[in-house]
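Here the protein sequences line up with chains U and F, keeping their order. For the first sequence, counting from 1, position 106 maps to 113 in our numbering; every step adds exactly one. For the second sequence, counting from 1, position 640 maps to 623 in our numbering; every step adds exactly one. Following: one structure in structure tokens, then a few remarks.
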Amino acid sequence: MGNYFSSMFDKLWGANKELRILILGLDGAGKTTILYRLQIGEVVTTKPTIGFNVETLSYKNLKLNVWDLGGQTSIRPYWRCYYADTAAVIFVVDSTDKDRMNTASQELHLMLQEEELQDAALLVFANKQDQPGALSASEVSKELNLVELKDRSWSIVASSAIKGEGITEGLDWLIDVIKDEQL
Amino acid sequence: MSTKTYKKFENAGSGDLPDKMTVYQDCMNTFNESPVNPKRCRILISRLLRLLSNGVAFPENEATALFFSISKLFQHQNDALRQVVYLAIKELSGMSEDVLMATSSIMKDVQNGSDLVKPNAIRALTYVLDESTAFSAERLLKSAVVSKHPAISSAALCTSYNLLPISEVTIKRFANEAQEGISDLKQFPNIPYDEHSLLVGEFYPNSSYMAQYHAIGLIYQLKKNDKMAILKLASQLADSNTLKNQLAKVQVVKLIADLINRDPQLFNEFQSVLFAWLTTKHEAVQIEVAKVISTFALRNQRLVAPDSFAYVVSTLQALLTVPRVSTRFAVLRILNKIAMVAPERIALCNPELETLINDTNRNISTYAITILLKTGNASNIASLISRISRFFHDVSDDFKIIIIDAVRTLSLNFPQEWKSIVKFLMDVLKNSEGGLKFKNTVVEAIIDIVSFIPESKELILENLCDFIEDCEFNEILVRILHLLGKEGPYTSKPSLYVRHIYNRVVLENSIIRSAAVVALAKFALTKNDPTLKESIVSLLNRIANDQDDEVRDRATIALRLIESADGDNTNVATELIEPKYFYDLPSLESKLSNYLNTNDDSFKTAFDSSSVRRFTEDEVKAIELKRKQEQSLGATSESSTEAGTKKSKLNDKTENNVFGGSSVGEDEQELLNAKYAEELLAIDQFKEYGKLINSSKSVSLTETEAEFVVNGIKHIFKDYIVLQFNITNTLPDVALTNVSVSCTQEDAETSQLEELFSIAIDKLLPTEVGACYVAFQKTDNLVIEGFLNNLIFTTVDINPDTNEPYEGEEGFQDEYEIDSLYINAGDYVTGSFIGNFDTAFDELPAEEIAVFNIQENLSLQEVIDKIITNSNCLPLNNTQFAPSDSNSHVLKLFGKSVLSGSKVALLIKMIHSSKGIALKVQGKGEDATLCSDLVNGLM
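Right, here's the structure in full:
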């Protein structure tokens, strides 16, 4: 009986359901660092991700299934294989990499056109704010043409995965949106 | 899930494969579910694996989809699930290009996974890494190699081994760690429950020490070019007591085998270890040691004492009675090899072998009987044959074929016993059930007997005539008709065969009718019975109205040829009806395809058949006999091409590598020669030299361990001689430039050779092989000469990464003395076959006798081998094997001149005594000079 009730509660609060979240972005943006900052709260040394990392973590009573896909040019075509059933996309941008803002923007808009991601919320991290010469969140937003996005909940947050700034704020927003829209 | 539901789900035991599409759909649905259900996923993957292992293939898009959905299972941290995921990734890696997407996940498991999944993850690395990503796994692999856990260490060693061809630079950095893998005796960690560890300790060893085996494999691959390092490795491992794993020991035995094959003197050093390991408790090690010693002993009789060999044989004898089938089989294989060259040495195993004839395993019983057939001697052949006949009808075709092959060898070895053998073969051919392949083997054996034992001809042909009255296979009938046409005209009663052949024309289908027409036509020109011609013509006239085109055409052509033979122009007819020459088929084929490919005038110039090598019938027979002798010898002398029955891929690869460099088999030798000849004739300067008459085998002019390995080949033209030197640069990081060989005649004053020019090699990078040539004009037909040779070259240090010389490096000119090369009479002779040696020997006019005394410590067999190589003649009547139980031997050799075709025969009597070996060589030939040169230059 106890089990029964607990599963009832789980259904009510959505605790039993795993939320799939993708972390995407160009290579070297800091995706893997963000993933492990979320999971173990520490900065780990990373090397370029060939393929993907996946971790399950609990956040505010929710089970998050977070996929960090490699950002190298050779791996980007494979992103689409992991789009199905995705609740939200976290797009990470290296705010200091002004030269490739255009590429990042193209990849972002290309990805958001995919049928499977129509209902997914979008959170953009303007990462590496600790570095000198980093563009601000609003500048990044402009570079990425975020205002053009219609019918989608999105937000941009300035962050530094190394210092741990902005990560939880961003995720809080994302969880709220998902709870509102999808549960 | 209970066992019952599990069964229902899997429908096990039915033996049917699950439906491919159902499995695919189930996999796609279940793997993409959230949350993942590990149990169900595991079962689905195992079904998928079952399909894949049964050869079911998925199209690329489906395989890719499967791979991606399986890669999603990495989200679940279940060790059992993870293990099957790895298995699936390994299987799919061959079908889907996208496996690299799993790289990061796999590396993470290699780093942080549990001990259970680590080995699987490490092994999967092999399939996802490529040249560009291998370095990123270096640190992970290195720490896994030194892991205390035997399974992890093994997996890392295997992966390193398999990654070698992909990224040698990376793997080379673990050489020291791998070395530790041999000496570290790694054990499985104790299971924390007391009762269990008790159980484990008592019934299972805590480790198989398999990592030792894998480490040896890897180290060998890393060091195989460094002979001293391998020698050191082998002697270290042989002496110390560190090796616990039997496969590791087997591997070391193979290393030793490789070493002693290159340098027989090393046998003494390893002898004690080998004999100690001959008595270990591991059957695999015993077998491997026995194999190595026996193979070595057969080739280097002088170095292995007879009692040592007998000891090996008695070990093998004891192993014949063990319960394990695979052991008995392996032992039989070794005995079989010994039996091929020295059957009398294993005669003491005969009682065991005879018991094994009744073994329930047919592989074993067949092998046993074939060995018995080889150890058989003239006196017991008849009884053996009758034993075979008794059980012959119960075995399957495959075994029958093996037995027939053994009988065929027997018939060549004991030509005087042909009657009982022919009787057996005929009985088998007529009365035994069997498919085409089997009957074909029988017919082939019979054809062999006809061509090599002339006395048997008439009896066999008569029997074959009977057989074709009732034969269900077209192919065989055609072959027999051809044989009748070829041999029939030379028998005493050709008319008998004509009747049988004509019966076929009346009764059979068109394929056989056309073969019969050709056979009939050959009787028209027969010398023994001139009256036949008329009858043949009338028969052919009748056939010329046949309803089948091919039959009619052949009959008409035959008639025209026979008519033309009436006139003066008999040549065309005889050449077509009774060809004297046979083309060398491989060379004809390559010339023809070359002609088709280079054709640019739409075939206006006709194909020039005169450039194709042609053989006379005797030559063809000589080549065939030689090939057959080598087939039986080859099995012992050449382990390289033999497909091992070893279980693991790793093992197989190493074995091939171990033996790869040692001896080039005869077939390969022939191919090599053809290749050299082609390369030579492609060089402009040699084009005008005309036809290449003969090329010698390649002669080693340096130690195989030398800095530069040089082989010499002598090419003989009508008026020229070209010496080819193949040079291998074994120095690392040094390139040789402007490499040439200076040849000085030993006796320059009286030399009949005049040096024309030499062609140097521009540049030789490390491990490369190049050929340089020196050409001479000869004034006499038969020039016999020795050359002192010096290798002249410039060494340049090069950067190993780019293979380019360092800047400013000018090089250093150097000379290196290599062995002398002799052109002797044997280079002008090629082996030839003759059915009746003794008569032929008596009939040849010129005679030369010489006596030699050999004081070096050589065995009879070594002397025989040397004589055969030197004289280039074909050993006849099976005299190329020295008896091991007697001190004397008579060797019969027959050959002919490559220049004039004159025959030469050698009869060599040899006696082995305490003072050495005494030889009396009696040579007879048509050409007195050749005969005396050959006899006097024999040793």
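Glycine is no exception: its CB is placed at the ideal position from the N, C-alpha and C atoms.
The beta strand (DSSP E) runs lying completely inside the segment 30 to 99 of chain U and spanning 3 residues or more are 59 to 66, 69 to 76, given in chain order. Relative to Gln66/F, the option among Leu49/F, Glu43/F, Ser97/F whose CA is nearest is Ser97/F. When the five nearest sequence neighbours on each side are left out, the beta carbons in the same chain lying within less than 7 Å of the beta carbon of Phe253/F are those of Ala221, Ile239, Ile243, in order along the chain. Of the candidates Leu571/F, Ile270/F, Ala901/F, Gly884/F, the residue whose Cα lies closest to the Cα of Thr599/F is Gly884/F. Taken through DSSP and simplified to helix, strand or coil, Ile451/F comes out as helix. At a cut-off of 8 Å, the C-beta of Met78/F has no neighbouring C-beta in chain U. Taking a contact as a CB-CB distance under 8 Å, the pair Ile149/F and Leu112/F counts as one, their CB atoms being some 7 Å apart.
The Cβ of Pro18/F sits closer than 8 Å to at least one Cβ of chain U.
Close CB contacts of Leu843/F within its chain, under the 6 Å cut and outside five residues either way in sequence, are with Ala865, His872, His895 (chain order).
Among the CB atoms of chain U, none fall inside 8 Å of the CB of Lys670/F. At least one CB of chain F lies nearer than 8 Å to the CB of Asn60/U. Following the DSSP letters along the chain, one finds Met893/F inside the beta strand (DSSP E) bounded by residues 886 to 896. Between Ser143/F and Phe157/F, the CB-CB gap stays under 8 Å. Contacts with chain U at 8 Å (Cβ-Cβ) include Thr86/F. Shown here for Glu688/F: same chain residues with a beta carbon closer than 6 Å to its own, the five before and five after excluded, namely Lys210 in chain order. Taking a Cβ-Cβ threshold of 8 Å, the residues of chain F close to Asp92/U are Asn15, Ser17, in chain order. Counted as a single uninterrupted DSSP element, the alpha helix (DSSP H) harbouring Leu393/F occupies residues 380 to 396. The DSSP-derived three-state label of Leu684/F is coil. For Glu25/U, the closest Cβ of chain F is nearer than 8 Å. For Lys206/F, the enclosing alpha helix (DSSP H) has its first and last residue at 193 to 206.
Note on geometry: alpha-carbon atoms of Asp784/F and Ser678/F lie some 39 Å from one another. By the criterion of a C-beta distance shorter than 6 Å, Ala111/U is surrounded in its chain by Leu33, Val100, once the five residues flanking it on both sides are discounted. Val752/F is bridged by DSSP to Thr711/F. Runs of the beta strand (DSSP E) lying entirely within the segment 93 to 154 of chain U, each at least 3 residues long, are 95 to 101, 128 to 134 in chain order.
Judged by beta-carbon spacing, Leu447/F lies beyond the 8 Å limit of Leu419/F, meaning their Cβ atoms are not closer than that value. Contact check for Ala389/F against Leu356/F passes: the beta carbons are separated by less than 8 Å. Taking all protein chains shown into account, Ser166/U has 16 or more neighbouring C-beta atoms within 10 Å of its C-beta and is therefore buried. Assigned with DSSP and collapsed to three states, Ile352/F falls in helix. Per DSSP, reduced to three states, the secondary structure at Ile817/F is coil, with no helix or strand assignment.
Along the segment 110 to 138 of chain F, the positions whose C-beta sits under 7 Å from a C-beta of chain U are Thr116, Ser119, read in chain order. Relative to Phe691/F, the option among Thr750/F, Arg245/F, Ser815/F, Asn656/F whose CA is nearest is Thr750/F. Chain U has a Cβ within less than 8 Å of the Cβ of Leu83/F.
Apart from sequence neighbours up to five positions away, the residues of its chain that approach Gly794/F with a beta-carbon distance below 8 Å are Thr720, Thr777, Thr778, Val779, Pro788, ordered along the chain. Checking the DSSP bridge columns, you'll see Ile781/F partnered with Pro788/F. Close partners of Phe57/F in chain U (Cβ separation under 7 Å): Val61. Sequence-distant Cβ neighbours of Ile97/U in its own chain, meaning closer than 6 Å and more than five residues away, are Ile30, Leu130.
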